[in-house]
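Okay, so here's the structure we're looking at.
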Amino acid sequence: HGVMSAELLGMGLPEARGSWLTFDDENFSVKDWVNAMLRAEGHLADGSGSGGTAGEPMDVRLSVLLMRLQLTQSDADAAVHDASVAVVKAAPHVSAEISAVHQQVNAARDELD
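Quick note: the sequence shown, position 2, residue -5 per our numbering, numbers continuous.
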């Protein structure tokens, strides 16, 4: 997640941005993550499911969080696609460079022999 995460995490989400990186943790808890995101936005005051801001219903808050997740997934998908395209485009050049280095190594070996 190194290169992409810096771009993906800049979505204006709360300070719990680092929590996006926990999705691949084997101990990841969806419930705990959702609660942490809602708490970070001030929607959960005490972790009991009550509290919140401006009387906004929980289903609205969760819908917004879901939309953000979907947008992040879309951004991640686009970033992976762009990186894949770049790798495919670079492959012939990299192959040619490796071939040139291989020829230089063989030439250097021949001179040393």
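Note that CB positions come from ideal geometry on N, CA and C, so glycine has one too.
On a predicted model such as this, the values are computed, not experimentally measured, just so you know.
| Check | Outcome |
| --- | --- |
| Touching by the beta-carbon criterion (3+ pairs, under 8 angstroms), the segment 68 to 82 and the segment 49 to 57 | no |
| Closest by C-alpha distance to residue 31, when choosing among 19, 20, 49 | 49 |
| Residue 27 vs residue 58 beta-carbon contact at 8 angstroms | yes |
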